[in-house]
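K.L.:
Have a look at this one before I ask anything.
Numbering (the working numbering), first residue to last: 9 to 389.
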């Protein structure tokens with residue numbers, strides 16, 4: 009039988025799941041004969057594993073702007089100052105990227121991070137290239153630009169400073185309260201209609217938030233961030249992403265609280281489980297919410313409407329079934345399909361109408377972009 013689960017304090021993933029490029033599968037097994045021993049990361053006298061320390065490795069990149077060709081994402085360009093994310097959100101669709109580094113999308117994604125230390129310098133060069141065609145850049149598509157390590161490294165701040173020097177429009181998606189450190193920079197961009205910020209808020213339940221987003225700011229803290237941004241004149245919206253049936257489907261309350269704090273717009277996605285995210289989430293769900301795990305998984309399958317598939321990784325119960333847990337197709341992967349997905353859409357849009365949100369589609373100002381200003385400012389590196 010499988011060895012008992014031992015949770016690491018302050019971490020989302022239950023364990024280091026196997027990456028999809030790994031040839032060998034390793035699984036802890038308790039055959040009943042070996043004497044009790046502490047789990048990996050535990051001291052001999054501890055009753056639970058010791059906290060895993062976060063390691064941040066500096067990385068130099070040749071380019072920093074990623075191009076996006078997905079029709080169901082609102083931005084064409086994105087910048088991610090870090091690889092991995094210490095917030096440890098169990099549902100994060102970016103976890104599988106750690107497999108390309110030979111690391112686990114589980115605990116490694118939360119504890120073994122990479123900081124792109126020359127991001128601002130690389131951005132400066134790309135914006136000045138003759139071939140560069142300006143489009144809105146989103147900061148934080150597969151990592152949170154204001155996760156805890158940003159306080160030490162300041163890479164996101166450096167990126168925003170370059171964008172402001174060039175009068176380039178940008179958006180930010182984040183949960184991090186550290187964004188208020190850069191309020192003056194954001195207000196400067198807002199004065200030229202070049203910025204919009206989206207704060208991710210999936211629940212008002214503090215207990216659920218600590219379990220599913222263990223190192224992200226509390227829901228109360230994020231509402232205060234929305235309030236501070238709005239007060240400073242920075243256009244701010246709320247990202248209710250993802251919605252997970254039977255866990256955080258009280259999104260009407262989330263929208264009300266965000267609106268009352270100053271959010272002008274909102275969007276949502278339903279839970280996606282690409283690649284190893286499926287294994288991480290199912291393991292977490294069965295550990296923390298065994299009483300409703302099957303209901304959650306069955307409802308997710310109902311919203312995908314695709315013939316069943318076998319589990320990608322052995323040893324993760326509940327990852328297969330009558331329907332598929334992930335839909336990789338454009339146009340349906342973000343919102344799902346079927347009666348339950350339609351019900352979520354109707355409820356979300358009804359609350360948006362009641363609150364008067366999303367009345368205008370904000371267009372950021374592209375006309376002010378001036379790459380020559382980067383040369384006039386001189387290099388800071």
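We put the beta carbon where it would ideally sit given N, CA and C, even for glycine.
(1) What span of residues does the alpha helix (DSSP H) with residue 235 cover, start to end?
(2) Rounded to whole angstroms, how far is the Cβ of residue 19 from the Cβ of residue 118, which I believe are closer than 8 Å?
(3) To which residues of the same chain is residue 324 closer than 7 Å at the C-beta, ignoring the five residues directly before and after it?
(4) Under DSSP, the beta strand (DSSP E) around residue 147 begins and ends at which residues?
(5) Give the straight-line distance between the Cα atoms of residue 73 and residue 178, rounded to the nearest whole angstrom.
(6) Would you mind reading off the limits of the alpha helix (DSSP H) that contains residue 361?
(7) By DSSP, does residue 326 sit in helix, in strand, or in coil?
(8) With a threshold of 8 Å, are at least 3 pairs of Cβ atoms found where one atom belongs to the region 260-267 and the other to the region 87-101?
(9) Threshold first: 3 residues or longer. Then list the beta strand (DSSP E) segments lying entirely within the region 57-145, N to C.
(10) Could you spell out where the alpha helix (DSSP H) holding residue 25 opens and where it closes?
(11) Going straight from the alpha carbon of residue 204 to that of residue 232, what length do you get?
(12) Please list, in chain order, all residues of the same chain as residue 225 whose beta carbon is under 8 Å from its beta carbon, the five residues on each side excluded.
(13) Closer than 8 Å by C-beta to residue 383: which residues in its own chain qualify, once you throw out the five before and the five after it? Chain order, please.
(14) May I ask you to list the residues that DSSP assigns as paired with residue 251?
(15) Under 6 Å Cβ to Cβ from residue 15, same chain only, skipping five residues before and after it: list those, please.
(16) Whole-angstrom Cβ separation of residue 165 and residue 240, contact assumed at under 8 Å?
(17) Go through its chain and collect everything with a Cβ distance to residue 127's Cβ below 8 Å, but skip five positions before and after it.
(18) In whole angstroms, what is the alpha-carbon distance linking residue 102 and residue 150?
(19) Kindly list the residues whose CB is nearer than 8 Å to the CB of residue 83, restricted to its own chain and excluding five residues on each side of it in sequence; keep chain order.
(20) I'd like to check one pair, residue 78 with residue 356: are the Cβ atoms closer than 8 Å?
(21) Would you identify the three-state DSSP class for residue 208, choosing helix, strand or coil?
(22) Give me the Cβ distance between residue 248 and residue 206, rounded to the nearest whole Å; I'm assuming they're in contact under 8 Å.
(23) Under a three-way DSSP split, which group does residue 150 fall into?
(24) Looking only at its chain, what residues have a beta carbon closer than 7 Å to the beta carbon of residue 373, apart from the 5 residues adjacent to it on each side?
(25) Going by CA-CA distance only, name the one from 104, 171, 108 that's closest to residue 133.
(26) Going by DSSP, what residue range makes up the alpha helix (DSSP H) through residue 289?
(27) Among 273, 80, 210, whose alpha-carbon lies nearest the alpha-carbon of residue 368?
(28) How big is the Cα-Cα spacing for residue 376 and residue 198?
(29) Along the chain, where does the alpha helix (DSSP H) that runs through residue 215 open and close?
(30) From residue 362 to residue 219, what does the alpha carbon distance come to, in whole angstroms?
(31) Which residue comes first and which comes last in the beta strand (DSSP E) that contains residue 181?
(32) Within a Cβ cutoff of 7 Å, which residues of the same chain sit near residue 257, ignoring the five residues on either side of it in sequence?
(33) I'd like to know whether the C-beta atoms of residue 227 and residue 214 end up nearer to each other than 8 Å.
(34) Do residue 122 and residue 65 have their CB atoms nearer than 8 Å?
(35) Verify whether the separation of the beta carbon atoms of residue 254 and residue 303 is less than 8 Å.
(36) How big is the Cα-Cα spacing for residue 25 and residue 284?
P.N.:
Straight from the coordinates:
(1) Position 227 of the chain shown, counting from 1, holds the residue named residue 235. DSSP places residue 235 inside the alpha helix (DSSP H), whose first and last residues are 227-239.
(2) Here residue 19 refers to the residue found at position 11 when the chain shown is read from its first residue. Here residue 118 refers to the residue found at position 110 when the chain shown is read from its first residue. The Cβ separation is near 6 Å, so the contact holds.
(3) Locating residue 324 in the chain shown gives position 316, where the first residue counts as 1. Note on residue 324: pLDDT 40, under 50, position unreliable in the model; the coordinate value appears next. Excluding residues within five positions, the ones whose Cβ falls inside 7 Å are 287, 290, 291.
(4) Counting from 1 along the chain shown, the entry for residue 147 is found at position 139. Counted as a single uninterrupted DSSP element, the beta strand (DSSP E) harbouring residue 147 occupies residues 145-147.
(5) On the chain shown, position 65 is the one that residue 73 refers to. On the chain shown, position 170 is the one that residue 178 refers to. So the alpha carbons of these two residues sit roughly 12 Å apart.
(6) Looking up residue 361 in the chain shown gives position 353. Judged by DSSP secondary structure, residue 361 falls within the alpha helix (DSSP H) whose first and last residues are 347-363.
(7) Position 318 of the chain shown holds residue 326. Any reading at residue 326 is ruled out, since the residue's pLDDT is 39, under 50, leaving its predicted position unreliable.
(8) In short, these stretches do not touch, since the Cβ pair count stays below three.
(9) Within the region 57-145, the complete beta strand (DSSP E) runs of at least 3 residues are 63-67, 73-75, 85-87, 120-124.
(10) On the chain shown, residue 25 is found 17 positions in, with the first residue counted as 1. For residue 25, there is no enclosing alpha helix (DSSP H), since its DSSP letter is neither H nor E.
(11) Counting from 1 along the chain shown, the entry for residue 204 is found at position 196. Counting from 1 along the chain shown, the entry for residue 232 is found at position 224. Approximately 17 Å, taken between the alpha carbons.
(12) Taking the chain shown and counting its residues from 1, one reaches residue 225 at position 217. Answer for residue 225: 183, 184, 185, 233, listed in chain order.
(13) As a first step, residue 383 must be located in the chain shown, where it is residue number 375. Excluding its 5 nearest sequence neighbours in each direction, residue 383 has C-beta neighbours in its own chain below 8 Å: 136, listed in chain order.
(14) The residue labelled residue 251 in the question sits at position 243 within the chain shown. BP columns for residue 251 point to 278.
(15) Within the chain shown, the letter at position 7 stands for residue 15. Excluding residues within five positions, none has a Cβ falling inside 6 Å.
(16) Looking up residue 165 in the chain shown gives position 157. Looking up residue 240 in the chain shown gives position 232. Residue 165 to residue 240, Cβ: 16 Å. No contact.
(17) Residue mapping note: residue 127 aligns to position 119 of the chain shown, counting from 1. Non-local C-beta neighbours of residue 127 in its own chain, meaning closer than 8 Å and more than five positions away in sequence, comprise 69, 72, 87, 89, 163, 166, 167, ordered along the chain.
(18) As a first step, residue 102 must be located in the chain shown, where it is residue number 94. As a first step, residue 150 must be located in the chain shown, where it is residue number 142. Distance between the alpha carbons of residue 102 and residue 150: 5 Å.
(19) Position 75 of the chain shown, counting from 1, holds the residue named residue 83. Counting only Cβ-Cβ distances below 8 Å, and skipping sequence neighbours, we find 76, 143, 144, 145, 146, 149, 179.
(20) Start at 1 with the first residue of the chain shown, and residue 356 comes out as number 348. Start at 1 with the first residue of the chain shown, and residue 78 comes out as number 70. Annotated as distal: residue 356 and residue 78, with beta-carbon spacing of 8 Å or more.
(21) The residue labelled residue 208 in the question sits at position 200 within the chain shown. In the three-state reduction of the DSSP assignment, residue 208 falls in the strand class.
(22) Position 240 of the chain shown, counted from the start, is the residue given in the question as residue 248. Position 198 of the chain shown, counted from the start, is the residue given in the question as residue 206. Residue 206 and residue 248 do not touch by the CB rule: their CB atoms are close to 10 Å apart, not below 8 Å.
(23) Here the question's residue 150 lines up with position 142 in the chain shown. Residue 150: coil per DSSP, three-state reduction.
(24) Here residue 373 is taken as the residue at index 365 of the chain shown, counted from 1. So the qualifying residues of the chain are 177, 200, 201, 202.
(25) Position 125 of the chain shown, counting from 1, holds the residue named residue 133. For residue 133, the nearest C-alpha among the options comes from 171.
(26) Taking the chain shown and counting its residues from 1, one reaches residue 289 at position 281. Under the DSSP assignment, residue 289 falls in the alpha helix (DSSP H) whose first and last residues are 285-296.
(27) Start at 1 with the first residue of the chain shown, and residue 368 comes out as number 360. The shortest Cα separation from residue 368 among 273, 80, 210 belongs to 273.
(28) Counting from one through the chain shown, the residue named residue 376 turns up at place 368. Counting from one through the chain shown, the residue named residue 198 turns up at place 190. Distance from the CA of residue 376 to the CA of residue 198, rounded to the nearest whole angstrom, comes to 13 Å.
(29) The sequence position of residue 215 within the chain shown is 207, counting from 1. Segment 214-220, the alpha helix (DSSP H) holding residue 215.
(30) Position 354 of the chain shown holds residue 362. Position 211 of the chain shown holds residue 219. Spanning the two alpha carbons is a distance of roughly 31 Å.
(31) Taking the first residue of the chain shown as position 1, residue 181 is located at position 173. Element bounds for residue 181: 178-182.
(32) For this step, residue 257 is matched to residue 249 along the chain shown. Leaving aside the five residues that flank residue 257 on each side, the residues in its chain whose CB is nearer than 7 Å to its CB run, in chain order, 251.
(33) Here residue 227 refers to the residue found at position 219 when the chain shown is read from its first residue. Here residue 214 refers to the residue found at position 206 when the chain shown is read from its first residue. It is a contact, given that the beta carbons lie within the stated cut-off.
(34) If you number the chain shown from 1, residue 122 lands on position 114. If you number the chain shown from 1, residue 65 lands on position 57. Yes, these two residues count as a Cβ contact at 8 Å.
(35) What you label residue 254 is simply residue 246 of the chain shown in a count that begins at 1. What you label residue 303 is simply residue 295 of the chain shown in a count that begins at 1. In this structure, residue 303 lies closer than 8 Å to residue 254 by Cβ.
(36) The residue you call residue 25 lines up with position 17 of the chain shown. The residue you call residue 284 lines up with position 276 of the chain shown. Their Cα atoms are separated by approximately 7 Å.
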